[in-house]
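**Student:** Sharing a structure here in C-alpha cells format.
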Amino acid sequence: MLNPNLFPFLLGLAAFLFTVGATGVLIRRNPIVVFMCIELMLNAANVALVAYGRFLNSEEGQIFAFMVIVVAAAEVVVGLALITQIFRLGRELDVDDLSEMKD
Amino acid sequence: MSVDTASTLVILVLLFPLGGAALNGLLGPVFGRRFVNLIGTLSIFASFVVACVVLANVVGAASGHSAITVRLWQWIDLGGGTNLSVGMDFTLDPLSALMLMVITGVGFLIHVYSVGYMEHDPGVARFFSYMNFFIFSMLTLVLAADLVILVVGWALVALSSYLLIGFWHDRPTAVLAARKAFITQVIGDVALVIAAFLIVLNTHTLSLPNIFARTQAFPAGGALITGICVLLAIGAFAKSAQFPLHTWLPDAMEGPTPVSALIHAATMVTAGVYLIARFHVLFNLAPVAEGLVACVGMGTALMAGIIALSQIDIKRVIAYSTMSQIGLMIYAVGIGAYSAGMFHFATHAVFKALLFMAAGNVIHALHDEQDIRLMGGLHARMKWTNLAFAAGSLALGGFILFSGWFSKEELLGFGTVSGPGPAPWLLYAVGVGINVLTGLYAFRLYFRVFHGEPQTARGFGVKEPGLAMLVPVLILGVLAVVVAWPLEFPVPNTLHLFSDFLSPVFAGSQSPLLHDPGTGLALIALTIGSVASLLGIGLALRLWYEHRPDAGEVLARLPRAIPLLSYNKFYFDEIYDRALVQPVKAVARTARRVVEPDVMDGWVAGIGDLMRGFSFDMRIIQTGLIRDYASVFTVFAVILVVVWVLIAK
Numbered sequence: 001m002l003n004p005n006l007f008p009f010l011l012g013l014a015a016f017l018f019t020v021g022a023t024g025v026l027i028r029r030n031p032i033v034v035f036m037c038i039e040l041m042l043n044a045a046n047v048a049l050v051a052y053g054r055f056l057n058s059e060e061g062q063i064f065a066f067m068v069i070v071v072a073a074a075e076v077v078v079g080l081a082l083i084t085q086i087f088r089l090g091r092e093l094d095v096d097d098l099s100e101m102k103d
Numbered sequence: 001m002s003v004d005t006a007s008t009l010v011i012l013v014l015l016f017p018l019g020g021a022a023l024n025g026l027l028g029p030v031f032g033r034r035f036v037n038l039i040g041t042l043s044i045f046a047s048f049v050v051a052c053v054v055l056a057n058v059v060g061a062a063s064g065h066s067a068i069t070v071r072l073w074q075w076i077d078l079g080g081g082t083n084l085s086v087g088m089d090f091t092l093d094p095l096s097a098l099m100l101m102v103i104t105g106v107g108f109l110i111h112v113y114s115v116g117y118m119e120h121d122p123g124v125a126r127f128f129s130y131m132n133f134f135i136f137s138m139l140t141l142v143l144a145a146d147l148v149i150l151v152v153g154w155a156l157v158a159l160s161s162y163l164l165i166g167f168w169h170d171r172p173t174a175v176l177a178a179r180k181a182f183i184t185q186v187i188g189d190v191a192l193v194i195a196a197f198l199i200v201l202n203t204h205t206l207s208l209p210n211i212f213a214r215t216q217a218f219p220a221g222g223a224l225i226t227g228i229c230v231l232l233a234i235g236a237f238a239k240s241a242q243f244p245l246h247t248w249l250p251d252a253m254e255g256p257t258p259v260s261a262l263i264h265a266a267t268m269v270t271a272g273v274y275l276i277a278r279f280h281v282l283f284n285l286a287p288v289a290e291g292l293v294a295c296v297g298m299g300t301a302l303m304a305g306i307i308a309l310s311q312i313d314i315k316r317v318i319a320y321s322t323m324s325q326i327g328l329m330i331y332a333v334g335i336g337a338y339s340a341g342m343f344h345f346a347t348h349a350v351f352k353a354l355l356f357m358a359a360g361n362v363i364h365a366l367h368d369e370q371d372i373r374l375m376g377g378l379h380a381r382m383k384w385t386n387l388a389f390a391a392g393s394l395a396l397g398g399f400i401l402f403s404g405w406f407s408k409e410e411l412l413g414f415g416t417v418s419g420p421g422p423a424p425w426l427l428y429a430v431g432v433g434i435n436v437l438t439g440l441y442a443f444r445l446y447f448r449v450f451h452g453e454p455q456t457a458r459g460f461g462v463k464e465p466g467l468a469m470l471v472p473v474l475i476l477g478v479l480a481v482v483v484a485w486p487l488e489f490p491v492p493n494t495l496h497l498f499s500d501f502l503s504p505v506f507a508g509s510q511s512p513l514l515h516d517p518g519t520g521l522a523l524i525a526l527t528i529g530s531v532a533s534l535l536g537i538g539l540a541l542r543l544w545y546e547h548r549p550d551a552g553e554v555l556a557r558l559p560r561a562i563p564l565l566s567y568n569k570f571y572f573d574e575i576y577d578r579a580l581v582q583p584v585k586a587v588a589r590t591a592r593r594v595v596e597p598d599v600m601d602g603w604v605a606g607i608g609d610l611m612r613g614f615s616f617d618m619r620i621i622q623t624g625l626i627r628d629y630a631s632v633f634t635v636f637a638v639i640l641v642v643v644w645v646l647i648a649k
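As they're listed, the protein sequences go chains W and Z.
Position one of the first sequence corresponds to residue 1 (the working numbering), numbered consecutively onward.
Position one of the second sequence corresponds to residue 1 (the working numbering), numbered consecutively onward.
Structure below.
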C-alpha cells in the first residue's frame, strides 16, 4: 500500500507532464516533436489513471491505462506513416505548412 | 307499415338512383348510349315505383301512425359521454312521401326527356350518372331523419347541381355559373351547419324526431330559437335562390335544359321550402324569424316577377319565374301555411318542369337559339309543344281551374289572415300584385315565342322533336291542367285531400301567424286573386298579342328607370361585384404585387442572405494552421474542465 500522501504528488506529476505535452503540441512546428508531445500527454493521463486506480484500490485504472497504451501505439503507427509520406513527397516537415485543406 | 318494410323501401328507393349513377359512370362509356339511356331512366322509374309503394303505405297507415323513422345502421358513435350518435336514420311520413313522389315522378319524365335532348351529346354517360346521382342526393335530403344525414344530402345536391350546371365544361360561362352557384350555396350551407350545431348543443341529440320532441330546450320567441331559425332560413334562401342569395339561379341556366327543369325548377331549389316545412316546429317558436321568411319570400317573388318581365333569354325568363314562385312558397311556409306551400311546390314542380322542357323543345328546334326576340310564330309548326307550353303558362299564370290557380290562391287565402298589424296586409297586397305580374310575364313569353311572325329564317323550318322529348312534355301538360283537381280546393270546408294527407306532419305545432281565413274571406280572396291573374293574362294579351297598345309604346311612356332596373336585374350582380368580388380581387392583387415579392419572398431570401453572411464571417476562423485548431481545442477543453469542476462543487 502506497503512502496516501504520495497521491497529490502523482497527480501533480501527471498535470505537469500533460501541460508540457500540451504546450509542446501548441508551439512546436516539427510534426515528430508534436507526436512526441502527444505521447507525453497520453502518458500523463496514464500516470493519473494508475494513481487513481491504486488509491481507490481498483484495477480499472490500470486496465484503462493499457487501453490508452494500445490506442497510443495505433495512433503512432498512423501518425508516423503520415509523416513518412509527407517526407517522401519532398515537403518540409512543418505543421504550419500543411494547410491544403483550407483552400 | 312495419319497420322492416320501411327499411326495405328506404334502401330500395335510394339504391336504384345510386346504382344507376354508379353503373352509368363506370360502365356507361364502355357499353354506349343505349345502355346509358336504359339504365338512366329505368333506375329512376324503379325508384318511382318504390315511391308509389311508400305513398300507398303512408296513405294506408292507421291514423297517428303515418310517420315512421328507421335506423338502417349506426354510422358514427360520438361517444365520450355525449350520448350522441349519427345514425343512417330515415323518415317515411306524408311530407317525405310527397317529396319522393314529386322527385321521382317528375324526375323520371325529365330523364326520359333527357334521352332525346342529349341524343347527340358525347358525354351522355356522364350526364345520366350526374342526373341519377342528383336524384339520390335529393332523396337522401328529403328522407333524412338525422341532422348529419340532412346536411350531407343538402351538400350533395349542391354538388350535383354544380356538376350539372358545369356539364358543358368547355364553356367558360358554364364553368363560372357552376362556381357561382356552388359558392352562393356554400354560404347557406355554413348557416345551416351553424344552426345544426346550435340545435345539437341545446337538445343533445342529432335525430330530427328527438329534436322536435325536445323543443322545451328553447324558450318560445327567445333570441336563441330566433337565431337558429334565421340561420336555417339563410340556408333555405341560398338553396332556394331567395334574396339576397338569388343571383346564382339565372346563371345556372347555362346547364342543359333538362337540368334546369329537374334541379333548378322542380326539385332542388324547393329544398329550402322543404327545410322550413320540416323544421316547422322550431319556426313556430320564433315568430320573428317566420315574419322575416315571409317578407323575404314575398319580396323575392315581387323582385323576380319584375325582372322576368324584361328578360330576353327564354330560359332566364322561366328561371326568374321559378324564383318568383318559390318566393311565394317561402312566403307560405313563413306564415305557417305549410300544406299550402307544399301544395304549390307540387303543382309548381309539374308546370315549371313542363315549361322548361317545352322551352327546351323550342331551343332544340331553333338550333340552340335562346333569344326570344328571334323567336315567334312557332305555334303553327310546333302544335303539341305550343299546347303544352300554353297549358304550363296558364297554370303558372293562375288561370282558373289550372293547377297553379289552386295552389297559389290557397296560399294567398292564408295570407289574408296572417298575423297582427298592417304588414301582413301589405304582403297580401303584394301577393295579389304578383298574380298580375305572373300573368304578364308568363304570357309575354308565350306570345313572343309562339305567336306573331317568325323573326328568323329558321323559325319557318322548325319541327316538333322526337317522341322521347314530346311525350314527357305532353304528360306534364295534361298534369299541369288536372293534377290539382282531385287534391285540393282553395276554400275551407271543401275538397282538402292534399292538406288532410299532410296534416299529421304539421298537426303537432301550429304557427302563431296562421289563422283559418274562413269560407267567406277565402272566397273573397279567391275572387280577388283570380281577377288579378286574369287581369295580368289579359294585359299580356293586349300588349304582346293584339299589340293594342304595343308593349314598346307603353314602355316608352314609363320612366326610364323601371325598364332599366328590370332589364339589369336591379343591378344585383353589379352591386355584388363592386361590394364583394372587386375588393377580394384587389386584396389578391395587392398580395401578389406587394406581399408576395416583398414579404413572402423577402423573408425566404432573407434567411438565405443571413446564412451566407454568417458563413462568410465564420470563414475567418478557418486558418488552415493545425496549431490554431489545437489551441482553440485546448482553450475550450480547459474551460470545460473548469466549468465542470465548479458545477461539481
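Built from N, CA and C at the ideal position, the CB exists for glycine as well.
Flag this pair as yes or no: are the beta carbons of Z/Ser310 and Z/Tyr567 separated by less than 7 Å?
**Tutor:** For Z/Ser310 and Z/Tyr567, yes; Cβs fall inside 7 Å.
**Student:** Quick one, which of Z/Asn284, Z/Pro517, Z/Val478, Z/Val273 has its alpha-carbon nearest Z/Gly297's?
**Tutor:** Comparing Cα-Cα distances from Z/Gly297 to each of Z/Asn284, Z/Pro517, Z/Val478, Z/Val273, the minimum goes to Z/Val273.
**Student:** Is it right to say Z/Gly305 is buried, meaning 16 or more other beta carbons lie within 10 angstroms of its own, or is it exposed?
**Tutor:** Z/Gly305 comes out buried.
**Student:** Against chain W, with Cβ distances strictly below 7 Å, would Z/Gly624 count as a contact?
**Tutor:** So, interface residue.
**Student:** Would you kindly work out how many angstroms separate the C-alpha atoms of Z/Val13 and Z/Leu394, rounded to a whole number?
**Tutor:** Roughly 33 Å separates the two Cα atoms.
**Student:** Chain Z beta carbons: is any one of them nearer than 7 Å to that of W/Ala22?
**Tutor:** It does; some Cβ of chain Z falls within 7 Å.
**Student:** Is DSSP giving Z/Ser2 helix, strand or coil here?
**Tutor:** The answer is coil: DSSP assigns Z/Ser2 none of H, G, I, E or B.
**Student:** DSSP puts Z/Thr91 in a beta bridge; with which residues?
**Tutor:** Answer is Z/Thr69.
**Student:** List the DSSP bridge partners of Z/Ser207.
**Tutor:** According to DSSP, Z/Ser207 bridges with Z/Asp146.
**Student:** Since Z/Ala630 meets chain W, which of its residues come closer than 7 Å, beta carbon to beta carbon?
**Tutor:** Under the 7 Å cutoff, chain W gives Val25, Leu26.
**Student:** Cβ of Z/Thr634 less than 7 Å from any chain W Cβ?
**Tutor:** For Z/Thr634, the answer is yes, since a Cβ of chain W falls inside 7 Å of its Cβ.
**Student:** So, is the C-beta of Z/Arg627 closer than 7 Å to a C-beta in chain W?
**Tutor:** Output row for Z/Arg627: interface = yes.
**Student:** Using 8 Å as the threshold, is the stretch 465-472 of chain Z in touch with the stretch 557-565 of chain Z, meaning 3 or more CB pairs across them?
**Tutor:** At 8 Å Cβ cutoff, the stretches do not touch.
**Student:** Rounded to a whole number of angstroms, what is the C-alpha to C-alpha distance between Z/Leu232 and Z/Val362?
**Tutor:** Looking at the two C-alpha atoms, the distance is approximately 38 Å.
**Student:** Between which two residues does the alpha helix (DSSP H) carrying Z/Trp485 extend?
**Tutor:** Careful: Z/Trp485 lies outside any alpha helix (DSSP H) and carries neither H nor E.
**Student:** In chain order, which continuous runs of the beta strand (DSSP E) of length 3 or greater are located wholly inside the stretch 79-137 of chain Z?
**Tutor:** Entirely contained in the stretch 79-137 of chain Z, the beta strand (DSSP E) runs reaching 3 residues are, in chain order, 85-92.
**Student:** List the residues of chain Z whose Cβ lies closer than 7 Å to the Cβ of W/Val95, in chain order.
**Tutor:** What W/Val95 touches in chain Z: Ile626, Arg627.
**Student:** Comparing the C-beta of W/Ser58 with each C-beta of chain Z, is any distance below 7 Å?
**Tutor:** Not closer than 7 Å to any Cβ of chain Z, the Cβ of W/Ser58 fails to qualify, so no.
**Student:** Taking the C-alpha atoms as reference points, what is the distance between Z/Val604 and Z/Leu610?
**Tutor:** Answer to the nearest angstrom: the Cα atoms are 10 Å apart.
**Student:** Run down chain Z in chain order and give the residues with a C-beta less than 7 Å from the C-beta of W/Leu98.
**Tutor:** The contacting residues are Ile626.
**Student:** What's the gap between the Cα of Z/Phe127 and the Cα of Z/Val481?
**Tutor:** For Z/Phe127 and Z/Val481, the distance between alpha carbons rounds to 30 Å.
**Student:** Under a three-way DSSP split, which group does Z/Trp168 fall into?
**Tutor:** Coil.
**Student:** What's the call for W/Phe87, buried or exposed, on a 16-neighbour Cβ count within 10 Å?
**Tutor:** By the neighbour-count rule (16 or more Cβ atoms within 10 Å), W/Phe87 is not buried but exposed.
**Student:** To the nearest angstrom, how far is the alpha carbon of Z/Cys229 from that of Z/Phe16?
**Tutor:** Each residue's alpha carbon lies about 34 Å from the other.
**Student:** Does the stretch 202-220 of chain Z touch the stretch 521-534 of chain Z, meaning 3 or more C-beta pairs lie closer than 8 Å?
**Tutor:** They do not touch, by the three-pair rule.
**Student:** Give the interface partners of W/Met101 over in chain Z, defined as CB-CB distance under 8 Å, in chain order.
**Tutor:** Residues of chain Z passing the Cβ test: Gly624.
**Student:** Count the CB pairs spanning the stretch 366-378 of chain Z and the stretch 333-340 of chain Z that are closer than 8 Å, and state whether there are at least three.
**Tutor:** The stretch 366-378 of chain Z is not in contact with the stretch 333-340 of chain Z.
**Student:** What residues match up with Z/His496 in a beta bridge as DSSP calls it?
**Tutor:** The partner list for Z/His496 (beta bridge, DSSP) reads Z/Glu488.
**Student:** By how many angstroms is the C-alpha of Z/Leu445 removed from the C-alpha of Z/Trp544?
**Tutor:** Roughly 9 Å between the two C-alpha positions.
**Student:** Return the Cβ separation of Z/Ser418 and Z/Val483 in integer angstroms, given the expectation that the two are a contact with Cβ distance under 8 Å.
**Tutor:** Incorrect: roughly 26 Å between the Cβ atoms, too far for contact.
**Student:** Taking the C-alpha atoms as reference points, what is the distance between W/Leu6 and W/Glu39?
**Tutor:** Distance between the alpha carbons of W/Leu6 and W/Glu39 is about 24 Å.
**Student:** Using three-state DSSP, classify Z/Asp371 as helix, strand or coil.
**Tutor:** It is a strand residue.
**Student:** Does DSSP put Z/Asp77 in a helix, in a strand, or in coil?
**Tutor:** Strand at Z/Asp77.
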